[in-house]
Each structure stands twice: as structure tokens, then as C-alpha cells.
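Undergrad:
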Amino acid sequence: MVWKRVCASQELNEGQSVEVVHNGDVIAVYRHAGMLYAIDGVCMHQGGPLARGRLVDGTVICPWHGWQYELSTGNHAITCKPMLKTFGIQEAGGTIEVDLPE
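If you want it as C-alpha cells, here you go:
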């Protein structure tokens, strides 16, 4: 694994998200309820961009068709089935970094 810089801390305010592409994989990074989260950034339904989704009570809602995923687990919020990978995330020295596979 490798810690990859996503953005400066000040660039990701509460309730915001950013999309990162690493080795062809799309990762969505969120700051929600004072916590940071990083999950696969593509909806399992039809490939919607999850970084553009709406955040509600610890879930992201896909902007295309409304599929919902838990930020902390990547599980589908309705069925509770695991669907999206999650990634380690840290904030240090004014930078947000995600732990990504090499």
C-alpha cells in the first residue's frame, strides 16, 4: 500500500467530496460529520459518479439512480450487502491522504 495525497485539508470542507483516479480506479473521498471516508467512486448499479452524490446520515446517494452506500463500510444501505471497497484515510500536516494499492 502507498499513501497518496488527495488534496490539502482546506480543500475538503464538511459535506464535500473529491474524486481521485489511481491506476485506473476511481476513489471518492468525503468529509462527513467530522470524519473522513474513502470508497470506490463508481456506483455498482450503472457506474454513476459517487463523488457527486448527496451525503445523508453516513451514506452517499448516487446522483444517477439513488443507490445508497454506507461511507464507513461500502455496504449497500438497503440490503447491507458489501458492494464497494473502502480505503484507509488520514489527515496530517494539512494534507489528506488515502492508502491505495500499488
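Heads up, the sequence shown is in this note's numbering, so the first residue is 2 and it goes up one at a time.
Note that CB positions come from ideal geometry on N, CA and C, so glycine has one too.
The model shown is predicted, which means the values in this text are computed figures rather than measured ones.
#1: Look up Q11 in the DSSP assignment and say whether it is helix, strand or coil.
#2: So what does DSSP say about A52, is it helix, strand or coil?
#3: On the three-state DSSP scale, how would you describe P83?
#4: Report the rounded CA-to-CA distance for E34 versus G59, giving the unit in angstroms.
#5: For the ligand GTP, any of its heavy atoms closer than 8 Å to the Cβ of T74?
#6: By Cβ distance below 7 Å, which residues in the same chain neighbour H23 in space, the five residues on each side in sequence not counted?
TA: Here's the rundown:
#1: Against the sequence shown, residue 11 aligns to sequence position 10. Correct three-state label for Q11: helix.
#2: The residue labelled residue 52 in the question sits at position 51 within the sequence shown. Reduced to three states, the DSSP call for A52 is helix.
#3: Counting from one through the sequence shown, the residue named residue 83 turns up at place 82. P83 falls in the strand class under three-state DSSP.
#4: Position 33 of the sequence shown, counting from 1, holds the residue named residue 34. Position 58 of the sequence shown, counting from 1, holds the residue named residue 59. Looking at the sequence shown, residue 34 is not Glu but Ala. Cα to Cα, the separation comes out at about 8 Å.
#5: Of ligands this structure carries none, so the ligand GTP is not represented either.
#6: Indexing the sequence shown from 1 puts residue 23 at position 22. Within the same chain, H23 has close Cβ partners K5, L101.
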